[in-house]
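Student: I'd like to ask you about the structure that follows.
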Amino acid sequence: MTTGPQAACPNCGRAVGSGDNFCEGCRTELVPAVVSGDAPTAATECAFCHAAQLTADGYCESCGRKQPSARDHIEVDLGLLAGVTDKGLRHSRNEDAMALATAEQAGHPVAVAVVCDGVSSSRRPDEASLAAVQTAVRVLLAGVREDADLLETSRAAVAEAQRALAGLDEPGPGDAPSATFVSAVLTHEAATLCWLGDSRAYWLGSGPGAEAKRLTDDDSLAGEMVAAGLVSEDDAMTLPGAHVVTGWIGADASGTEPHVATFTPPGPGVLMLCSDGLWNYRPGAAELAELALPRALTDPLGAAAALVSFAIEAGGMDNITVVLAPYPPTAPAPEEKTADE
Amino acid sequence: MSSDFTVEISQNEYLAEGAEDVNAIVTVTAPDTGLAAPVDDQGSAEIIIIDCSGSMRSPRTKIEQARAATAAAVDVIKDGVAFAVIAGTNKAQPIFPLDYGLAIADDQTRFLAKQAVAGSLPRGGTAIGQWLRLAHSMFLSHPASLRHAILLTDGQNQHESPEQLGEAISLCEGVFSCDCRGVGTDWEVSELRRISSALLGTVDIVPDPSGLAADFAAMMQTAMGKQVADVSLRVWTPQHATFRFLKQVAPMVEDLTSRRVQSGPQAGDYPTGAWGAGESRDYHLCVRVTPAGVGQEMLAARVSLVAATPSGPDVLGQGLVRAIWTDDEALSTRINGSVAHYTGQAELAQVIQEGLEARKRGDEDTATAKLGRAVALAEQSGNEGTAKLLAKVVDVVDAASGTVALKKRVDDADEMALDTRSTKTVRTKK
Numbered sequence: 024m025t026t027g028p029q030a031a032c033p034n035c036g037r038a039v040g041s042g043d044n045f046c047e048g049c050r051t052e053l054v055p056a057v058v059s060g061d062a063p064t065a066a067t068e069c070a071f072c073h074a075a076q077l078t079a080d081g082y083c084e085s086c087g088r089k090q091p092s093a094r095d096h097i098e099v100d101l102g103l104l105a106g107v108t109d110k111g112l113r114h115s116r117n118e119d120a121m122a123l124a125t126a127e128q129a130g131h132p133v134a135v136a137v138v139c140d141g142v143s144s145s146r147r148p149d150e151a152s153l154a155a156v157q158t159a160v161r162v163l164l165a166g167v168r169e170d171a172d173l174l175e176t177s178r179a180a181v182a183e184a185q186r187a188l189a190g191l192d193e194p195g196p197g198d199a200p201s202a203t204f205v206s207a208v209l210t211h212e213a214a215t216l217c218w219l220g221d222s223r224a225y226w227l228g229s230g231p232g233a234e235a236k237r238l239t240d241d242d243s244l245a246g247e248m249v250a251a252g253l254v255s256e257d258d259a260m261t262l263p264g265a266h267v268v269t270g271w272i273g274a275d276a277s278g279t280e281p282h283v284a285t286f287t288p289p290g291p292g293v294l295m296l297c298s299d300g301l302w303n304y305r306p307g308a309a310e311l312a313e314l315a316l317p318r319a320l321t322d323p324l325g326a327a328a329a330l331v332s333f334a335i336e337a338g339g340m341d342n343i344t345v346v347l348a349p350y351p352p353t354a355p356a357p358e359e360k361t362a363d364e
Numbered sequence: 373m374s375s376d377f378t379v380e381i382s383q384n385e386y387l388a389e390g391a392e393d394v395n396a397i398v399t400v401t402a403p404d405t406g407l408a409a410p411v412d413d414q415g416s417a418e419i420i421i422i423d424c425s426g427s428m429r430s431p432r433t434k435i436e437q438a439r440a441a442t443a444a445a446v447d448v449i450k451d452g453v454a455f456a457v458i459a460g461t462n463k464a465q466p467i468f469p470l471d472y473g474l475a476i477a478d479d480q481t482r483f484l485a486k487q488a489v490a491g492s493l494p495r496g497g498t499a500i501g502q503w504l505r506l507a508h509s510m511f512l513s514h515p516a517s518l519r520h521a522i523l524l525t526d527g528q529n530q531h532e533s534p535e536q537l538g539e540a541i542s543l544c545e546g547v548f549s550c551d552c553r554g555v556g557t558d559w560e561v562s563e564l565r566r567i568s569s570a571l572l573g574t575v576d577i578v579p580d581p582s583g584l585a586a587d588f589a590a591m592m593q594t595a596m597g598k599q600v601a602d603v604s605l606r607v608w609t610p611q612h613a614t615f616r617f618l619k620q621v622a623p624m625v626e627d628l629t630s631r632r633v634q635s636g637p638q639a640g641d642y643p644t645g646a647w648g649a650g651e652s653r654d655y656h657l658c659v660r661v662t663p664a665g666v667g668q669e670m671l672a673a674r675v676s677l678v679a680a681t682p683s684g685p686d687v688l689g690q691g692l693v694r695a696i697w698t699d700d701e702a703l704s705t706r707i708n709g710s711v712a713h714y715t716g717q718a719e720l721a722q723v724i725q726e727g728l729e730a731r732k733r734g735d736e737d738t739a740t741a742k743l744g745r746a747v748a749l750a751e752q753s754g755n756e757g758t759a760k761l762l763a764k765v766v767d768v769v770d771a772a773s774g775t776v777a778l779k780k781r782v783d784d785a786d787e788m789a790l791d792t793r794s795t796k797t798v799r800t801k802k
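Read top to bottom, the protein sequences are chains A and B. Just so we're on the same page, the numbering used here is the position in the first sequence counted from 1, plus 23. Just so we're on the same page, the numbering used here is the position in the second sequence counted from 1, plus 372.
See the structure below:
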């Protein structure tokens, strides 16, 4: 590993070490999480009628059309992992959100990701998912940096996200703001997973014997019926109400315990988190691996974008989010070279 | 200026592909307490107009009760409020004060006003337009911004044409609000409704003169509670949208669609009159828009509550009516409870009025069908007040299906009560 100052703090300009989380001068977070939906749009004219009368709440003052949101399509590439989220074709907004982060633990790079899918029947689901990923990634990142127990940290992240959603709530029709949740912390040893609802984690293995598999069980009517042996997985998804989630984070779900699991990859491969907008069209792990590999091993952003395009071409009925993290997590090659020189 | 008014929108924003009508219920509520001072500090003015035509003498109790009711209302007028009492016949004359202006309420002026009222003598005919014109000029003699009148009559507007009355109403529109009361059963419901509706007031029957005093005092009490004058609903709609209607639907049905005053290239103002603390009203808005594609969202209307102030319009609250096109039938077929409820309440008022008209024409089949439908609607929506009034005009065989028979003999007062109160609605239970 490199020693000595390698870069300058973007805030105060003070020299900082490559493994530092915070600037010692001004406490600026040096490797912050990247959250989908942080960026505002800068459009000045209507995307539909071209009138230059956009209101603060995002409508055209002439034709009334809702202006495209920055959240409609976002790509994030952190090298160690990458993600793409998209509104899809049939929904009016993107109620999925993702947060990606990288950290260093005992000299090894760590990838952190959270994907949430706002529950459409609840109030302000788009804000719920965004608040959840924002809050959870902060807790996860802090846990990794402090070398805390990752299963406990994951549970704590869900509990914090629950509180954030409760704080969002205001009275109105529909359910309290709620969202599905899936998080992963991928170290060089294992993946720590945590979830509620029907957003999933998959292992996409690349070598012989390293088979692809689904790592999470859905909290959904379909998932519960499959688990109870009442229907086959293929049949379950065709049932009415198959997508009704039976577990979620939200003000009305405080105290709900999330599922946690640790997965030790058998060899090289890719960890994937995704919302149902993707797996609806290709639920099987082997088929997903076929779509994603081998590109995802070396170009996670390109592979995530390709998976999103696949879901859009298949119908784009729902919002789609895909996060890919190759295993073992290896710091991007070009940066290491620069550091060694 | 207080900005604590709330504007709440209840709607199903999801439309099926290609659907173009967007419906919403807009609930406007004034703050409970702490309403800031009136929009300007010129205070309020009250005029009581009592029918002093010859017919008020028969029975004699009618004029006596009208005098007592006026006295009761005068007692409720707060210190400092500008007020007057007008005697209406085939012309109009001030009873108090006599100088064609307004007096400022205090113990002495209230006493003098009651004395003058006690000495008023019924003689002559009925020309309500003249009464309104006099009230209009007396109101304008004073700078008060909250102007309200109570008008009492016992007979029809015989001594002027409907056109003359119409002109007088137009003159007064936007200048003052007017609650109308008919005593006995010789007056015309549609005539008083025409006035109260245009002048943003209420209309009701007081069949027995002995009920007048309590009613007048209550009306004046409500008027004294008004704190914000000249509030309008401003509705912005997208280009190429068609404004279908805006109706007040609670506490009573009042179609405001034709009251639009253009306030911008894509916006119109609809007057709502004055508001008291904690007062809440519901409006049903319907806008026809050009459908966008599935997955697209459009702002179908922006509803703002706007108060006129000397320094220009002040926005007191705002709500958004949205349209989102979806191919998810579970979303687009969801019926909004408030919209459905008030659609029923508006229909209830309409079928009662149509049914009573048909009954007057002697068209019993239509009357039975319309009033039967009314019974069913009142039953479904839990509008017990209207259901009771209906039961005095028809024999209800089965309320749920609206099976009724017209009563052979109906008391005039019962029929008029049903007519005047047909627009009263009940709110949805939340």
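Ideal Cβ positions, reconstructed from N, Cα and C, are used throughout, including at glycine.
In three-state terms, what does DSSP make of Gly665 of chain B?
Tutor: coil
Student: CA-CA distance, Ala590 of chain B and Ala445 of chain B?
Tutor: 8 Å
Student: Per the contact definition of three or more C-beta pairs closer than 8 Å, is the segment 148 to 163 of chain A in contact with the segment 182 to 189 of chain A?
Tutor: yes
Student: Mind pulling the chain B residues with CB within less than 7 Å of Leu112 of chain A?
Tutor: Gly667
Student: With C-beta atoms as the reference, is Ile449 of chain B less than 9 Å away from Arg482 of chain B?
Tutor: yes
Student: Out of B:Leu677, B:Met788, B:Gly709, B:Ala664, which one is the CA nearest neighbour of Cys72 of chain A?
Tutor: Between Cys72 of chain A and the set B:Leu677, B:Met788, B:Gly709, B:Ala664, the nearest pair of CA atoms involves B:Ala664.
Student: Counting only C-beta atoms, is Thr609 of chain B closer than 9 Å to chain A at any point?
Tutor: yes
Student: What residues match up with Glu380 of chain B in a beta bridge as DSSP calls it?
Tutor: B:Thr399
Student: Under 6 Å Cβ to Cβ from Pro351 of chain A, same chain only, skipping five residues before and after it: list those, please.
Tutor: His211
Student: Rounded to the nearest angstrom, what separates Asp471 of chain B and Ala680 of chain B at their Cα positions?
Tutor: 30 Å
Student: In chain A, which residues lie with their C-beta within 7 Å of the C-beta of Ala664 of chain B?
Tutor: Arg88
Student: If Tyr655 of chain B and Val600 of chain B are in contact, beta carbons under 8 Å, what's the gap, nearest whole angstrom?
Tutor: With a Cβ gap of about 17 Å, Tyr655 of chain B and Val600 of chain B do not count as contacting.
Student: Let me check one thing: in DSSP terms, what residues is Ser652 of chain B bridge-paired to?
Tutor: B:Thr401
Student: With three or more beta-carbon pairs closer than 8 Å as the criterion, would you say the segment 271 to 286 of chain A touches the segment 216 to 235 of chain A?
Tutor: yes
Student: So, for Ala777 of chain B: in the same chain, excluding its five sequence neighbours on each side, which residues have a beta-carbon less than 6 Å away from its beta-carbon?
Tutor: Asp767
Student: Can you find the residues in the same chain that come closer than 7 Å, C-beta to C-beta, to Val765 of chain B, ignoring five residues on each side of it along the sequence?
Tutor: Leu743, Lys779, Val782, Asp786, Glu787, Leu790
Student: Does the ligand FMN have even one heavy atom less than 8 Å from the beta-carbon of Ala235 of chain A?
Tutor: The ligand FMN is not among the ligands present in this structure, which contains no ligands whatsoever.
Student: On the CB-based measure, 16 or more other CB atoms within 10 Å of its CB, does Thr797 of chain B come out buried or exposed?
Tutor: buried
Student: Return helix, strand or coil for Met624 of chain B, following the three-state DSSP convention.
Tutor: strand
Student: Report the rounded CA-to-CA distance for Asp363 of chain A versus Leu101 of chain A, giving the unit in angstroms.
Tutor: Since pLDDT at Asp363 of chain A reaches only 41, below the 50 mark, its modelled position is unreliable, and the value read off the structure follows with that caveat. In a straight line, the C-alpha of Asp363 of chain A is about 20 Å away from that of Leu101 of chain A.
Student: Could you spell out the range, first to last residue, of the beta strand (DSSP E) harbouring Pro317 of chain A?
Tutor: Per DSSP, Pro317 of chain A belongs to no beta strand (DSSP E) and is neither H nor E.
Student: Would you tell me roughly how many angstroms separate the C-alpha atoms of Asp840 of chain B and Cys83 of chain A, rounded to the nearest one?
Tutor: The structure shown has nothing for residue 840 of chain B, since chain B only spans 373 to 802.
Student: Mind listing which residues of the segment 105 to 133 of chain A have their C-beta closer than 9 Å to chain B's C-betas, in chain order?
Tutor: Going along the segment 105 to 133 of chain A in chain order, one finds Lys110, Gly111, Leu112, Arg113, His114, Ser115, Arg116 with a Cβ nearer than 9 Å to chain B.
Student: Near Asn395 of chain B, which residues of its chain fall below 6 Å by C-beta distance, leaving aside the five closest residues on each side in sequence?
Tutor: Counting only Cβ-Cβ distances below 6 Å, and skipping sequence neighbours, we find Cys658, Val711.
Student: Quick check: the segment 559 to 573 of chain B against the segment 513 to 531 of chain B, are there 3 or more CB pairs under 8 Å?
Tutor: yes
Student: Would you mind sorting Pro33 of chain A into buried or exposed? The rule is 16 or more other CB atoms within 10 Å of its CB.
Tutor: exposed
Student: Give the secondary structure of Arg799 of chain B by DSSP, where H, G and I count as helix, E and B as strand, and everything else as coil.
Tutor: Under the three-state reduction of DSSP output, Arg799 of chain B falls in the coil class, being neither helix nor strand.
Student: Taking only the alpha-carbon atoms, compute the straight-line gap between Pro534 of chain B and Asp149 of chain A and give it to the nearest angstrom.
Tutor: 58 Å
Student: Quick one: Cα of Ala70 of chain A to Cα of Pro91 of chain A, how far?
Tutor: 7 Å
Student: Given 8 Å as the limit, is there contact between the segment 489 to 498 of chain B and the segment 418 to 431 of chain B, that is, 3 or more CB pairs closer than that?
Tutor: yes
Student: Checking 9 Å against the spacing of the C-beta atoms, do Ala224 of chain A and Gly292 of chain A come in under that value?
Tutor: no
Student: Please identify the residue among B:Met670, B:Asp580, B:Phe588 whose C-alpha is closest to the C-alpha of Cys550 of chain B.
Tutor: B:Phe588
Student: Hey, does Gln502 of chain B have any beta-carbon neighbour from chain A nearer than 9 Å?
Tutor: no
Student: Hey, does Met670 of chain B have any beta-carbon neighbour from chain A nearer than 9 Å?
Tutor: yes
Student: Between Ala656 of chain B and chain A, is the shortest Cβ-Cβ distance under 9 Å, so that the two count as touching?
Tutor: For the sequence presented, residue 656 of chain B should be read as His rather than Ala. Cβ-Cβ to chain A under 9 Å: no for His656 of chain B.
Student: Identify whether Asp170 of chain A lies in helix, strand or coil by the three-state DSSP scheme.
Tutor: coil
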